[in-house]
Amino acid sequence: MKLSSFTEIILPDNYHTQDFLAFHHRDEKGASEIVQQSRMKKGIIWHGNY
């Protein structure tokens, strides 16, 4: 069974979004997160379940 969840965090207007995304875009292989346009997808293991 494949489980998934979606979480959206509303950031303040003065948040440096492009700096944040640039930092997380360093991983060219996208092993732990994928940055696309103004979004980031991050894989996590929650409480040992996956």
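Position 36, counted from 1, in the sequence shown is what our numbering calls 51; the numbers after and before it change by one each time, with no gaps.
We treat Cβ as the ideally placed atom computed from N, Cα and C, and that holds for glycine.
Which residues DSSP lists as bridging ILE49, in chain order: Position 34 of the sequence shown, counted from the start, is the residue given in the question as residue 49. DSSP output for ILE49 lists LYS56 as bridge partner(s).
Nearest neighbour of GLN52, chosen from THR32, ILE25, SER19 [CA to CA]: Numbered from 1 along the sequence shown, position 37 holds the residue referred to as residue 52. Among THR32, ILE25, SER19, the Cα nearest to that of GLN52 is on THR32.
Cutoff 8 Å; reference GLY58; Cβ partners in own chain excluding five residues on either side: Taking the sequence shown and counting its residues from 1, the one referred to as residue 58 is at position 43. Excluding residues within five positions, the ones whose Cβ falls inside 8 Å are SER47, GLU48.
ILE25 to VAL50 span [Cα, whole Å]: The residue given as residue 25 occupies position 10 in the sequence shown. The residue given as residue 50 occupies position 35 in the sequence shown. The straight-line gap from Cα to Cα measures roughly 17 Å.
Separation of HIS39 from TRP61, as counted between CA atoms: Translated into the one-based positions of the sequence shown, residue 61 becomes position 46. Translated into the one-based positions of the sequence shown, residue 39 becomes position 24. Whole-angstrom Cα-Cα distance: 20 Å.
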